[in-house]
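Taking it in order: structure first as structure tokens, then the write-up.
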Amino acid sequence: MPTANARSERIHMRLSPDALETIREAAAAQQQDVSAFVLGAAMEHAREVLLRDRVLQLTPRELDQVDTALDANARVVPELAALIAAVQRDAPQHGMQELTSH
9 MPTANARSER IHMRLSPDAL ETIREAAAAQ QQDVSAFVLG AAMEHAREVL
59 LRDRVLQLTP RELDQVDTAL DANARVVPEL AALIAAVQRD APQHGMQELT
109 SH
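Reading the sequence shown from the start, the letters are residues 9 to 110 in the working numbering.
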């Protein structure tokens, strides 16, 4: 049975001799093999891309709009209130099912 850390996927790529030599030198400078070096660099870049993609960045004007909306008086949306009431009514049963199934 494979573990969570099992490595079973591969990436194949072609690169120029110069690129490979640069990567080999950098990997050696970090005392890593080429695979570990490339994986580490790719993961670091992937995390940066995902962070930029997932983090909500607001301009000062947009932030003021959010603050104004949060400071405004709440208004009841009947459909949403009914949905919340239904979920609260069903929550104790649902929670017990989740606890007993683990």
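We treat Cβ as the ideally placed atom computed from N, Cα and C, and that holds for glycine.
Mapping the DSSP letters down to three states, classify residue i as helix, strand or coil.
| i | result |
| --- | --- |
| ALA80 | coil |
| THR126 | Lying before the first or after the last residue shown, residue 126 is absent from the chain, which here runs from 9 to 110. |
| ARG69 | helix |
| HIS110 | Per-residue confidence for HIS110 stands at a pLDDT of 48, beneath the threshold of 50, marking its modelled position as unreliable; no derived number is given. |
| SER24 | coil |
| GLN39 | coil |
| ILE19 | coil |
| HIS63 | Sequence inspection shows Val at residue 63; the His mentioned does not correspond to that position. In the structure shown, VAL63 sits in coil (DSSP, three-state: anything other than H, G, I, E or B). |
Ends of the alpha helix (DSSP H) at residue i?
| i | result |
| --- | --- |
| ALA14 | Element bounds for ALA14: n/a, residue is neither H nor E. |
So, at 7 Å on beta carbons, what are the nonlocal neighbours of residue i in its own chain, with the 5 sequence-adjacent residues on each side left out?
| i | result |
| --- | --- |
| ALA17 | Sequence inspection shows Glu at residue 17; the Ala mentioned does not correspond to that position. The answer is none, since no qualifying residue turns up. |
ask   = Would you say the stretch 23-36 touches the stretch 44-53, given that touching needs at least three Cβ pairs under 8 Å?
value = Touching, yes, given that three or more Cβ pairs across the two stretches are closer than 8 Å.
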